[in-house]
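Chains as they are written, first to last, in the working numbering: chain G, 1 to 296; chain U, 297 to 454. We treat Cβ as the ideally placed atom computed from N, Cα and C, and that holds for glycine. What follows is a set of notes on a single structure, which appears directly below.
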């Protein structure tokens, strides 16, 4: 048992009001243990239960530049945008249903009122519920530092459990989600023990439909590897083909072979392999229907 | 360790006090006499420490006191100032939704914040909304009944 009564460390706290102020702080304290506080729903719990050390804490919630969602050919979501803010947006619900389903499957409302999308990404949990949908939609991250900025695909961002390629003086300022293809069908699926639970498996799929053909597709699973995993070989089975029931069944089987789950507190590897097959099959059906495809 | 001076409006009244960077909002409130904010798991699992911060339900154990600086906080004690708050309290009593009472502050605050924005939810929506607030006595049914009764009343009034 951990004692969660206290934060066992002393740290200094900053509330910058502009992005450049925040980047100056990150630059100045890059050799110390400096952390960004967005929602704190993962960070503060980790500080309490795992005792991760922090010397400087930078609260980014007062920076107006990163509190907005821009609706212009897709979505641009600032780093301080709360999950509950996103789930209330019509554009998210209608155009990015897998992301909507991912967000609403997460935790309690009191958590989603604090937690941010960028926080869920940077926490880099293999079970992060927003990551599979965002990979399906081809999201990119804007990463800024005092020296400049770069934009990289989300797929290349997470390198392991809780690890990202973010440098110590950088911060993710924005998630950029491109406009979806006109006949894209997407869906999210998650299995936990109860509502608001962490996933045994979560996954998102997207199918771009051209008549009866799957023009392109993405199948992305979480909680089955040290980071979010794309089932490339399974995607290959569907890509460019006329979608039929048996094709979806074999793609789902292939996806279940591609994953590398482990036994942990939430489930066993064996169960996860079985579960993944059924979940991928069901979710592909839903996505295909949402893309306007026929059901048999 | 450095002391920070902070100011917030708690249940409609201004409070100026000092805090340290590592103090959670939960500890800050209790230290200043707001013992109605209950202290459960202290890691954001159980929901009994829920308060309403800027109109939204949040878990005060994983919010820093400093994050609430210059903001408005409501605890269960302030609920009597709202008609909806009083209705929820009465409904909880009427439906026996309170047994040991430990989860009740969190439950009522989550329900209040939700009903403010969605006055007429169905049972399923209520269930979804209180997921994340744990009750080990009632089996949740009575709590859902109590909140639903208030929603039904709202429906009649419209």
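Hey, is the stretch 133-145 of chain G in contact with the stretch 162-176 of chain G, meaning 3+ C-beta pairs nearer than 8 Å? yes
Since residue 10 (chain G) meets chain U, which of its residues come closer than 7 Å, beta carbon to beta carbon? 297, 318
Reference residue 412 (chain U); option with closest CA among U:328, U:340, U:353: U:353
Under the three-state reduction of DSSP, which class applies to residue 152 (chain G): helix, strand or coil? strand
Could you confirm whether any beta carbon from chain G is found closer than 9 Å to the beta carbon of residue 355 (chain U)? yes
In the DSSP assignment, find the alpha helix (DSSP H) that holds residue 104 (chain G) and state where it starts and stops. 97-104
On the premise that residue 15 (chain G) lies in contact with residue 68 (chain G), defined as a C-beta separation below 8 Å, what is that separation, rounded to the nearest angstrom? Rounded, the Cβ-Cβ distance is 19 Å, inconsistent with contact.
Give me the Cβ distance between residue 136 (chain G) and residue 218 (chain G), rounded to the nearest whole Å; I'm assuming they're in contact under 8 Å. 5 Å
DSSP on residue 202 (chain G), reduced to helix/strand/coil? strand
Mapping DSSP to helix, strand and coil, what is residue 168 (chain G)? coil
Nonlocal neighbours in the same chain, by C-beta distance under 8 Å from residue 248 (chain G), ignoring five residues either side: 238, 281, 284, 285, 288
So, using beta-carbon positions, are residue 305 (chain G) and residue 57 (chain G) closer together than 9 Å? Only positions 1 to 296 of chain G appear in the structure, and residue 305 (chain G) is not among them; the question remains open.
Can you tell me whether DSSP reads residue 380 (chain U) as helix, strand or coil? helix
Is the CB-CB distance between residue 325 (chain U) and residue 400 (chain U) below 9 Å? no
Residue 346 (chain U): buried (16+ other C-beta within 10 angstroms of its C-beta) or exposed? buried
By the criterion of Cβ-Cβ separation under 8 Å, what are the contact partners of residue 362 (chain U) in chain G? 13, 15, 59
Using beta carbons (cut-off 9 Å, strictly below), is residue 103 (chain G) in contact with chain U? no
Using the rule of at least 16 other Cβ atoms within 10 Å of the residue's Cβ for burial, across every protein chain shown, is residue 314 (chain U) buried or exposed? exposed
Could you tell me the alpha carbon to alpha carbon distance between residue 174 (chain G) and residue 357 (chain U), rounded to whole angstroms? 28 Å
Rank G:88, G:66, G:101 by C-alpha distance to the C-alpha of residue 118 (chain G) and give the top, closest one. G:66
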